[in-house]
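Residues 0 to 233, numbered by my numbering, are exactly what the sequence shown covers, in order. Glycine included, each C-beta is placed from N, C-alpha and C at the ideal position. Every value quoted in this text rests on a predicted model; they were computed, and no experiment measured them.
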Amino acid sequence: MLRIFRTAFATSGLLLCLCARLPAAGALDDLLAWLRLPSAELPAPPAPKLSYYNTDYSYVDPQGLIPPRPLAAALNYYRANLGDLGNTRYLSVIDYTRHANEKRFFVADMKTGQVEAFLVAHGRGSDPLHTGYAGLFSNDQGSHATSLGLFLTGKTYTGENGYSLVLYGLSDSNSNAFARFIVVHGAPYVSPANVPLGRSWGCPAVEMGVRTRLINQLKGGSLIYAWHEHAPAY
């Protein structure tokens, strides 16, 4: 169990990071074996050196919107697993360290390097007091909490929340994502008018106005890296 303490903003206190270890299954076994999170008892690894990928991906994020540490980690995963990705055009990072009313869902166009940022909700279980900050992360059924780690996008479907995008968890900390019905979908509570932003049941819910375009960009096997500054990087 990893304990996270926030001191920089209005609320402070104990934030817990729960990473349940559940088996993965299906055709993603080889990729899952490569992308494993360490035990939550281990300290977070140091930030990867940017020079590791600069020769290949220095053109990505010229605006400097994405924090260097998760960007480096996401690009390392991306390069190591290009052959297993159905959609290499887009690479995404969600920075759950930030307040929910900040645009923290970053989508990099790997053809042009340009990055677009979107609002994204976190789960009710990650922010029980509705402060706007996510502090509790879980892989457990019924937790209604956000999960961290690397996700692979799947197919689209239309369900209870409208047009939605299936997510598969590739890390130990999010391996139950498919079983928990963690998907990208639009929600009316995701709006700049709502302060703090509304909360989901664990899904990375986005604004209704960008839902369809965003889902269509990311569907079919692109990577999404969900990250928090005080949690293990992998």
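Around the beta carbon of residue 169, a 10 Å sphere encloses 16 or more other beta carbons of the protein chains shown; the residue is thus reported as buried. 137 is the residue among 106, 112, 137 whose C-alpha sits nearest the C-alpha of residue 121.
Given a length threshold of 3 residues, each whole run of the beta strand (DSSP E) inside the segment 137–194 is given here in chain order: 148–158, 161–168, 182–184. Contact between the segment 90–97 and the segment 171–191 is not established, with fewer than three Cβ pairs separated by less than 8 Å. Secondary structure of residue 65 (DSSP, three-state): coil. Pairing residue 184 with residue 105, the inter-Cα distance amounts to about 16 Å.
If you ignore the 5 residues before and after residue 91, its C-beta comes within less than 6 Å of the C-beta of 106, 223, all in its own chain and listed in chain order. Our two residues, residue 195 and residue 130, have alpha carbons roughly 7 Å apart in a direct line. Here residue 76 carries a helix assignment [DSSP, helix/strand/coil]. For the set 191, 150, 216, the Cα lying nearest the Cα of residue 202 is the one of 150. The DSSP-derived three-state label of residue 58 is coil. If you draw a straight line from the Cα of residue 83 to the Cα of residue 76, it is about 11 Å long.
The three-state reading of DSSP puts residue 209 in helix, counting H, G and I together. A Cβ-Cβ distance of about 7 Å is found for the pair residue 152 and residue 86, placing them in contact under the 8 Å criterion.
Nearest in C-alpha terms to residue 181, of all of 188, 190, 158, is 158. Pairing residue 160 with residue 204 gives a Cβ-Cβ distance under 9 Å.
Beyond the five residues adjoining it in sequence on each side, residue 73 comes within less than 7 Å, by CB distance, of 90, 92, 222, 224 in the same chain, given in chain order. The C-beta distance from residue 124 to residue 146 rounds to 10 Å, too long to meet the 8 Å contact threshold.
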